[in-house]
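J.: In the working numbering, the protein residues as written are -11 to 119.
Can you read through this structure? Questions will come right after.
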Amino acid sequence: MTQKEDELNDDVIQWATYHLADETYGINVMHVQEVLRVSEIAPVPGSHDYILGIINLRGNVVTVIDTRRRFGLPSKDADDLSRIIVVEVNDNVIGLLVDSVAEVVYLKQSEIESSPTINNDESAYYIQGVS
């Protein structure tokens, strides 16, 4: 391909960025349904340690995941900046507890490098790349 063809095929993707343990991450905005302030989360006995519980979102039950714990990061209590990002992936709706939400950024596919090697193999599944 020519450089011009490469540029035409270099899709721009919008990412909703958020902070987690002094790092910035992003989720493709096409998966984000909404962002919520942290409210009461009902615990689910016997669930994985990274599952905080469930919330009622307009009559729908949404499982909330402690993203820090899921990525093997140190725990942190939710504060005024903490948010739940409600996402839909593969017809599943879940809430991700994050430290704070930042902004929407636009990145070309070519600006995203392969994801680094991560000690936590499960976390690597969720990471597409770095920018």
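Each residue gets a CB set at the ideal place from its N, CA and C atoms; glycine is no exception.
Keep in mind the model is a prediction, meaning the values are calculated, not measured.
I42 to W3, Cα distance in whole Å?
T.: To locate residue 42, count along the sequence shown from 1; it is residue 54. To locate residue 3, count along the sequence shown from 1; it is residue 15. In a straight line, the C-alpha of I42 is about 25 Å away from that of W3.
J.: Restricting to Cα atoms, I'd like to know which of A9, E91, D(-1) is closest to L85.
T.: Counting from one through the sequence shown, the residue named residue 85 turns up at place 97. Ranking A9, E91, D(-1) by Cα distance to L85 puts A9 first.
J.: Candidates V89, T55, N16: which alpha carbon is nearest D68's?
T.: The sequence position of residue 68 within the sequence shown is 80, counting from 1. If we check each option's Cα against that of D68, V89 comes out closest.
J.: By DSSP, does H36 sit in helix, in strand, or in coil?
T.: The count along the sequence shown starts at 1 and reaches residue 36 at position 48. Coil, per DSSP.
J.: According to DSSP, which residues form a beta bridge with I15?
T.: Position 27 of the sequence shown, counted from the first residue, corresponds to residue 15. Its beta-bridge partners are A4.
J.: Within a Cβ cutoff of 6 Å, which residues of the same chain sit near G14, ignoring the five residues on either side of it in sequence?
T.: As a first step, residue 14 must be located in the sequence shown, where it is residue number 26. Result list for G14: W3, T5, in chain order.
J.: Within a Cβ cutoff of 8 Å, which residues of the same chain sit near V120, ignoring the five residues on either side of it in sequence?
T.: With the chain represented from -11 up to 119, any question about residue 120 goes unanswered, as that position is not in the structure.
J.: Report, in whole angstroms, the separation of the C-beta atoms of V26 and S70, which I expect to be a contact under 8 Å.
T.: Here residue 26 refers to the residue found at position 38 of the sequence shown. Here residue 70 refers to the residue found at position 82 of the sequence shown. About 5 Å separates the two Cβ atoms, so the contact holds.
J.: Are the CB atoms of D79 and R57 nearer to each other than 8 Å?
T.: Locating residue 79 in the sequence shown gives position 91, where the first residue counts as 1. Locating residue 57 in the sequence shown gives position 69, where the first residue counts as 1. No, Cβ-Cβ distance for D79 and R57 is not below 8 Å.
J.: Less than 8 Å between C-beta atoms, sequence neighbours within five positions excluded: which residues of the same chain meet that for K64?
T.: Along the sequence shown, one-based indexing puts residue 64 at 76. Once the five neighbours on either side are set aside, the close Cβ partners of K64 are A9, R56, D87.
J.: What is the DSSP secondary structure of E28, reduced to helix, strand or coil?
T.: Taking the first residue of the sequence shown as 1, we reach residue 28 at position 40. The answer is coil: DSSP assigns E28 none of H, G, I, E or B.
J.: Should G60 go down as buried or exposed, given a rule of 16 or more other Cβ atoms within 10 Å for buried?
T.: Reading the sequence shown from its first residue, position 72 is the one you call residue 60. G60 comes out exposed.
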